[in-house]
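*Asks:*
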Amino acid sequence: MKNLLFCLLIIGAGLSVSKTVDAQDSTTRSLLVNSMTLIDVSGAEEIVVGAGDAINTELINDKHLVVRGVSVGVASIVLLGTDGTQTTLNFDVRAHVPERLLLELQAIRLGETDLTIESLDQFVMVTGEVGVEGLKRLKELEDKYPQLLVHALPVEPSHPMIEISVKILELKKQWAEQLGLRWDSAVAGPSVSRIAGTNLQFPLQLNSQLQLLQRQGRARLLAEPRLVTQSGSAARFLAGGEIPLPQVVGQGGQDVSFREYGIRLEITPVLMSDGLLKTSVSAEVSHIDGAVSVNGIPGILTRKTASIVVAESGEAITISGLLTDDSSTSLDRFPWLAEIPILGGLFESHDFQRQQTELVVIVTPQLASTRSASEQKIKDAQNDLIRFHQQVQCVGVME
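Numbering (mature numbering (1 follows the signal peptide of the UniProt record, and there is no 0)), first residue to last: -23 to -1, 1 to 376.
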């Protein structure tokens, strides 16, 4: 009868036996967690199992000892033979790296150029720099798989610069469809939309069409500001002025504050992961309301709209319906409105007062890094289109 100097644990069902090993063949064995091996101990009189929880053992008969890997680590078993020999078996228990873990890591690495995945026998180590979302997924995998070691550093997401081109136009209504615009007579107030139609190759033909309409006298460019902002930050523009508002303060004193009016735009572009720009456009129109006044100070009538448009970089967004016939009649009551930059020239337009033209704002967000190449393409396309119209004698055709 063999003397067993160790604690025997019952081995669970469902484990596969890898092979039978002669204890005299080798003194070192590798073993995976949750797998087991069978040791031939027929020549041993005593079996001594070292301390630790890396393995469990069970003597199933006088000839065979079952060794099962429990956790990552090392363990030793000493076999004392009947002839006084001693054989030491060292077990290196390693964790099995699941195939699913490797697949999930490769999926994360596709979106992270600075991430390194290194296999270290029973472990997988992840190093480098990773985005906030990628690091969150790695931490979830680390909690799920003990074989994964995450030593990656988070990096802040980049905020590319986005340039916003704004064109403020007085455009004859009957030629609006040439730009793909559609008026909605059922909706009062500002409206925001992408330019309709698939014949325009943005922004090349759009700028060429606008330039041609200006040459023909069918459109007038009132202003062309250019704004630059970071992705996710707002860019603001005001075409209008300020009206003084006297206020009574303590002890009978007076103070004057100023209230802005006119056309106010707030544009917030966000670069999405697929390269598209999600642009939040907020338009506010406020003008002098002569029908309401307090102590000689006219009221201000305000209308607002907000919309979110997803489009490619360089694709145009239109804002129409900004001014109504009420706005044009304000010039009769307040002649000094004609001195306001941009809007003053519009109010003095006889076509606008007769409601033959419309104020249109065209907003074109574009990544700043691609603007230089696009500008050259726009210039070339404009010149080609102008030469074409000159050849077919389209310039100067009567309406």
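Beta carbons are placed, not taken as given, at the ideal position from N, Cα and C, and that holds for glycine. Keep in mind it's a predicted model, so treat the numbers as computed, not measured.
1) Just mark residue 382 as buried or exposed, buried being the case when its beta carbon has 16 or more other beta carbons within 10 Å.
2) Look up Q207 in the DSSP assignment and give the residues it is bridged to.
3) Report all residues from its chain with a CB closer than 6 Å to the CB of R203; omit the five preceding and five following residues, and keep chain order.
4) If I measure Cβ to Cβ from F68 and keep anything under 6 Å in the same chain, skipping five residues before and after, which residues do I get?
5) Under three-state DSSP, which class holds L181?
6) Flag this pair as yes or no: are the beta carbons of I244 and A216 separated by less than 8 Å?
7) Hey, quick one: how far does the beta strand (DSSP E) through L253 stretch, first residue to last?
8) Should T295 be labelled buried (16 or more other beta-carbon atoms within 10 Å of its own) or exposed?
9) Determine the direct distance from the alpha carbon of L115 to that of L125, and round the result to whole angstroms.
10) Give the secondary structure of G108 by DSSP, where H, G and I count as helix, E and B as strand, and everything else as coil.
11) Helix, strand or coil: which one does DSSP assign to I85?
12) Figure out for me which residue from V74, G252, E89 and V55 has the closest Cα to the Cα of E23.
13) What residue range does the beta strand (DSSP E) around R45 cover?
14) V43 and E35: beta carbons closer than 8 Å?
15) So what does DSSP say about D60, is it helix, strand or coil?
16) Going by the DSSP bridge assignment, what does E201 pair with across the sheet?
17) Could you please give me the residues that DSSP links to K144 through a beta bridge?
18) Count the other CB atoms, across all protein chains shown, that sit within 10 Å of the CB of P246; report buried if there are 16 or more and exposed otherwise.
19) Residues in its own chain within less than 7 Å of residue 406 by CB, not counting five upstream and five downstream?
20) So which of I16, L87, S48 and I145 has the shortest CA-CA distance to V10?
21) How long is the line joining the alpha carbons of I37 and K113, rounded to whole angstroms?
22) Is it the case that the segment 58 to 67 contacts the segment 101 to 109, given that we only count it when at least three CB pairs across the two stretches are under 8 Å?
23) What number of angstroms, rounded off, separates the C-alpha of R213 from the C-alpha of L79?
24) With DSSP collapsed to three states, give me the class of D91.
25) Measuring straight from C-alpha to C-alpha, what distance separates D39 and G50?
26) Sort I285, I220, G58 and G20 by Cα distance to E237 and report the nearest one.
27) Any idea which residues DSSP pairs S7 with across the strands?
28) Tell me the DSSP secondary structure of E261 in three-state form.
29) For a test of the three-state rule: what should DSSP assign to Q224, helix, strand or coil?
30) Name the two residues that bound the continuous beta strand (DSSP E) containing V287.
31) Could you give the residue range of the beta strand (DSSP E) that holds A21?
32) What would DSSP say about E237, mapped onto helix, strand or coil?
33) Strictly under 8 Å for the Cβ-Cβ distance: is I285 near chain C by that measure?
34) How would you label E117, buried or exposed, when you count the other beta carbons within 10 angstroms and need 16 or more for buried?
35) Find the nearest neighbour of T59 within the set L248, L199 and A21, judged by alpha-carbon distance.
36) Return the bridge partner residues of S270 from the DSSP annotation.
*Replies:* By the coordinates alone:
1) Coverage of the chain is limited to positions -23 through 376, which leaves residue 382 absent and any answer about it impossible.
2) BP columns for Q207 point to M138.
3) Answer for R203: S142, listed in chain order.
4) Hits under 6 Å: R6, L8, I32 and A52.
5) Annotation note: pLDDT 49 at L181 (below 50); position unreliable, coordinate value reported separately. In this structure, L181 counts as helix in the three-state DSSP scheme.
6) Taking 8 Å as the Cβ cut-off, I244 and A216 do not qualify as a contacting pair.
7) Going by DSSP, L253 is part of no beta strand (DSSP E) at all; its letter is neither H nor E.
8) A buried status is given to T295, since no fewer than 16 other beta-carbon atoms sit within 10 Å of its beta-carbon.
9) In a straight line, the C-alpha of L125 is about 9 Å away from that of L115.
10) Here G108 sits in coil by DSSP.
11) Helix, per DSSP.
12) Here the closest residue by C-alpha is V55.
13) Per DSSP, R45 belongs to the beta strand (DSSP E) from H41 to G46.
14) In contact: V43 and E35 (Cβ atoms closer than 8 Å).
15) DSSP places D60 outside both helix and strand once states are collapsed to three, so it counts as coil.
16) The secondary-structure analysis by DSSP pairs E201 with nothing; it has no beta-bridge partner.
17) According to DSSP, K144 bridges with I339.
18) Counting Cβ neighbours within 10 Å, P246 comes out buried, since at least 16 surround it.
19) No statement about residue 406 is possible, as the shown extent of the chain runs from -23 to 376 and does not include it.
20) Selected option, being the one with the closest Cα: S48.
21) A direct Cα-to-Cα measurement between I37 and K113 gives close to 47 Å.
22) The segment 101 to 109 makes no contact with the segment 58 to 67, as fewer than three CB pairs between them are under 8 Å.
23) Rounded to the nearest whole angstrom, the CA to CA distance from R213 to L79 is 47 Å.
24) It is coil, neither helix nor strand.
25) Roughly 27 Å separates the two Cα atoms.
26) When each option's Cα is compared against that of E237, the closest is I220.
27) The partner list for S7 (beta bridge, DSSP) reads D69.
28) Note: E261 maps to strand in three-state DSSP.
29) In this structure, Q224 counts as strand in the three-state DSSP scheme.
30) Residues I274 to A288.
31) Residues A21 to V26.
32) When secondary structure is reduced to three states using DSSP, E237 falls in the strand class.
33) Absent from the structure: chain C. Only one protein chain is present.
34) With fewer than 16 other Cβ atoms within 10 Å, it is exposed.
35) For the residues L248, L199 and A21, the minimum Cα distance to T59 belongs to A21.
36) Note: S270 sits in a beta bridge opposite P275.
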